[in-house]
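Each residue of the sequence shown is one higher than the last, beginning at -1 in our numbering. Positions of the beta carbon are idealized from the N, C-alpha and C atoms, including for glycine. Below is one structure, written out as structure tokens; the observations come after it.
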Amino acid sequence: MFINPAYAGNQGSIFCSRARPAAMGWNGWRPATQTVSIHGPFYDNTVGVGLSILNESIGVSRETSYMGTFAYSIKANEKGRLSFGLSVGVNTEQQKLADVVTQTPGDIQFEKNTPILTMPNASFGLYYLQKSFTWDFLFPK
């Protein structure tokens, strides 16, 4: 659902949480990512809704994303369904410059952190699901 909002509700109700610290870093600055998402189907599996949170730190950069997702699914043919999805939310970002150790003590560029920047975010996606797949359209009998 983080990649494609149209996936919301297509495989039943799902709760997923993941934390991934990087194995290697530079001078103690290891990248780390934590995600939490939940989504599920409603109204006879035609509507999917979800919520996702992503927290990521790379070096002095910190970013957090909060997204709400809505997906609508229609029957495309006798075997498959086509879903349209929309996610909307906000991203927050900050540079923790005060944590940087510099060669020049008292460097004014690194005295304090940047203000927390909040930005709107939106994404759209399409998702086609078919229980079984054949190549009949390419090789008709």
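Does the distance from the CB of SER81 to the CB of ASN8 come in under 7 Å? Against the sequence shown, residue 81 aligns to sequence position 83. Against the sequence shown, residue 8 aligns to sequence position 10. Yes, the pair counts as a contact, with Cβ atoms nearer than the cut-off.
TYR126 versus GLY57: straight-line alpha-carbon distance, rounded: Numbered from its first residue, the sequence shown carries residue 126 at position 128. Numbered from its first residue, the sequence shown carries residue 57 at position 59. If you take the alpha carbons of TYR126 and GLY57, they lie about 38 Å apart.
If you follow the beta strand (DSSP E) that TYR5 is part of, which residue opens it and which one closes it? For this step, residue 5 is matched to residue 7 along the sequence shown. No beta strand (DSSP E) contains TYR5, which DSSP labels as neither H nor E.
Between THR33, LYS77, ASP97, which has its C-alpha nearest SER130's C-alpha? As a working note, residue 130 is residue 132 in the sequence shown. Comparing Cα-Cα distances from SER130 to each of THR33, LYS77, ASP97, the minimum goes to LYS77.
If you drop the 5 nearest sequence neighbours on each side, which residues of the same chain put their C-beta closer than 8 Å to that of ARG18? Against the sequence shown, residue 18 aligns to sequence position 20. Sequence-distant partners of ARG18 (beyond 5 residues in either direction) whose C-beta falls short of 8 Å from its own C-beta, in its chain, are ALA30, THR31, GLN32.
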